[in-house]
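Q: One structure, pasted below without further comment.
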Amino acid sequence: MSGDSHVVEPPEAYSRYIDPKYRDVAPKIIKNPNPEIKNELYWAEGITPFAFHTSSAAGLKPHEIDMEHGGFASMHNAGWDSKYRIEAQDRDGMLAEVIYPTIGMLLCSIPDGAYRQACFRAFNQWMRDYCSENPVRLAGIGQSAAWTPEETIADLHQIKELGLKGAMLPGSADGGLDYDSPEYDKVWDCAVELGLPICFHILTGRGPLSLTTAPPRGGKLAAFTSIVRELQDIAGLFVFGRVFERHPDLRVVLVESDAGWAPHFCTRMDHAYKRHRFWMKTGEMARMPSEYFLENIYMTFQDDWVALKNTDILNPRRLLWANDYPHSDSTWPWSHELLAHHTQGLTDQEIDWILRENAKELFKLEVDTSVAKAVPA
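Sequential numbering of the sequence shown, starting at -8, is according to this note's numbering.
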């Protein structure tokens, strides 16, 4: 089971469902104005148009991945038409997928909160329809704009009413607030009451890799290696901001940021607390920082053998393997071959948790996992 896969939203995901007030500025596909680059771009008001072709590069060889050619017609059709999704799952040996947006990740950079919310509420309706093809095997995640705490609560209720399985929030909240602000306590209470995990995906903040700032230092590969930092910051925010202390039943998912870094991160948090909490005036916590991290935070990963070598110092009940279909970082269609190697040394119970049962339990999925083998073939 994949704990992080994706759709690639067609323009009608927005234009068909968006509040009529915003229909003229619904996100859409345009031709690249640079005649030397033969690709299409996604456009939305207030952000730089962006290419999206690597979002459908699953199965390609490294030298075949290309950002400068092709258009939406070249995308994996399973990414936008759910009639083809089960066939794609079967080819990779997946029982089910937890499915996130693609275009919506980058739309998190839209500065206008009301417009951003209109885009995401439209997407949520489209995602509901996409997953209706097979709601047992297609587990959609909805989006909230985190415009205000009150509007975020309204978003959570829409997501729940549509039958979606979790709520993806931008990496940054609006209005001068952050997610550890007391004003957001009612949001976390609502998430717990509705049984919705709160999900944070890479590339959804307003940091160095957003569409509102210049690229980071070191070029594109340096940028790729740095994308986990955004979600490390969120983990630290929820731990040291006492969010988990106030909301012990809240479940947060760090999506596509790997997990092999977590043992050192937990060690560093504990060291900071024990050594520096007095002069930094942090105050006493009821538990060690690492305890909150390992209890309240789930992490998804694809090709991260380091995480699977450290289950003894992680919490294997909080690890979610994923195939990231149909993105360029996907392990599709050779996920079983990769897992046969990476899971060596794990117990059958750990394999069952990480590859299937953790996602099923967290997102309350109804898929029958009894048909799965304990160890990938």
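Ideal Cβ placement from N, Cα and C applies to all residues, glycine included.
From residue 304 to residue 258, what does the alpha carbon distance come to, in whole angstroms?
A: Distance between the alpha carbons of residue 304 and residue 258 is about 10 Å.
Q: For a minimum of 4 consecutive residues, which ranges assigned as the alpha helix (DSSP H) are wholly contained in the segment 258 to 303?
A: Qualifying alpha helix (DSSP H) stretches, in chain order: 280 to 287 and 296 to 299.
Q: Mapping the DSSP letters down to three states, classify residue 15 as helix, strand or coil.
A: Reduced to three states, the DSSP call for residue 15 is helix.
Q: Could you give the residue range of the alpha helix (DSSP H) that holds residue 63?
A: Per DSSP, residue 63 belongs to no alpha helix (DSSP H) and is neither H nor E.
Q: Should residue 339 be labelled buried (16 or more other beta-carbon atoms within 10 Å of its own) or exposed?
A: Exposed: under 16 other Cβ atoms inside 10 Å.
Q: Quick check: the Cα distance between residue 393 and residue 160, rounded to an integer number of angstroms?
A: Because the chain in this structure spans residues -8 to 368, residue 393 falls outside the shown range and cannot be described.
Q: Need the endpoints of the beta strand (DSSP E) that residue 130 sits in, please.
A: Its beta strand (DSSP E) spans residues 129 to 131.
Q: Pull up the distance between the alpha-carbon of residue 199 and that of residue 76, whole angstroms please.
A: For residue 199, the predicted structure reports a pLDDT of 46, less than 50, and the residue's modelled location is therefore unreliable. A value from the coordinates is still provided. So the two alpha carbons sit approximately 33 Å from each other.
Q: Return helix, strand or coil for residue 36, following the three-state DSSP convention.
A: It is coil, neither helix nor strand.
Q: Rounding to the nearest angstrom, what Cα-Cα distance links residue 387 and residue -1 in this structure?
A: Beyond the ends of the chain as shown, which are -8 and 368, falls residue 387; an answer cannot be given.
Q: Just to confirm before moving on: does the CB-CB distance between residue 357 and residue 127 stay below 8 Å?
A: It is a contact, given that the beta carbons lie within the stated cut-off.
Q: So residue 291 packs on residue 243, CB below 8 Å; how close in whole Å?
A: Residue 291 to residue 243, Cβ: 12 Å. No contact.
Q: Find the nearest neighbour of residue 232 within the set 176, 188 and 215, judged by alpha-carbon distance.
A: The shortest C-alpha separation from residue 232 is found at 176.
Q: Please confirm if the segment 24 to 43 is in contact with the segment 343 to 354, defined as three or more CB-CB distances below 8 Å between the two stretches.
A: Judged by Cβ distances under 8 Å, the segment 24 to 43 makes no contact with the segment 343 to 354, as fewer than three pairs qualify.
Q: Can you give the Cα-Cα distance for residue 330 and residue 312, rounded to whole angstroms?
A: Roughly 9 Å between the two C-alpha positions.
Q: Under 8 Å: do the segment 265 to 278 and the segment 212 to 221 share three or more Cβ pairs, one atom per stretch?
A: The segment 265 to 278 vs the segment 212 to 221: no contact.
Q: Do the segment 40 to 60 and the segment 284 to 300 make contact, defined as three or more Cβ pairs closer than 8 Å?
A: Counting Cβ pairs under 8 Å, fewer than three are found: no touch.
Q: Can you check DSSP and say which residues form a bridge with residue 234?
A: Beta-bridge pairing links residue 234 to no other residue.
Q: Could you round the C-beta distance between residue 369 and residue 156 to whole angstroms and report it? I think they count as a contact, below 8 Å.
A: This structure gives no information on residue 369, because the portion of the chain shown stretches from -8 to 368.
Q: Less than 8 Å separating the beta-carbons of residue 166 and residue 139?
A: Their beta carbons are under 8 Å apart, which means residue 166 touches residue 139 by this criterion.
Q: By how many angstroms is the C-alpha of residue 298 removed from the C-alpha of residue 208?
A: If you take the alpha carbons of residue 208 and residue 298, they lie about 27 Å apart.
Q: Grab me the residues of residue 93's own chain with a C-beta within less than 8 Å of its C-beta, minus the 5 sequence neighbours each way, in chain order.
A: Taken in chain order, the residues that qualify are -3, -2, -1, 0, 43, 46, 70 and 318.
Q: Secondary structure at residue 88, three-state DSSP: helix, strand or coil?
A: Strand.
Q: Quick test of your reading: residue 88 and residue -7, contact by CB under 8 Å. State the CB separation rounded to the nearest angstrom.
A: Residue 88 to residue -7, Cβ: 4 Å. Contact.
Q: Using only alpha-carbon positions, find the residue among 104, 100, 121 and 112 that is nearest to residue 90.
A: Comparing Cα-Cα distances from residue 90 to each of 104, 100, 121 and 112, the minimum goes to 121.
Q: Please classify residue 362: is it buried, with 16 or more other beta-carbons within 10 angstroms of its beta-carbon, or exposed?
A: Flag for residue 362 reads exposed.
Q: Going by C-alpha to C-alpha distance, which of 310, 279 and 341 sits closest to residue 227?
A: Comparing Cα-Cα distances from residue 227 to each of 310, 279 and 341, the minimum goes to 279.
Q: Taking the DSSP output, what are the residues bridged to residue 141?
A: For residue 141, which the question treats as bridged, DSSP gives no partner whatsoever.
Q: Please go through the same chain and pick out, in chain order, the residues whose beta-carbon is closer than 6 Å to the beta-carbon of residue 143, but skip the five residues on each side of it.
A: Answer for residue 143: 135, 137 and 178, listed in chain order.
Q: Between residue 294 and residue 234, how many whole angstroms is the CB-CB distance? I'm expecting something under 8 Å.
A: So it is not a contact: roughly 30 Å between Cβ atoms.
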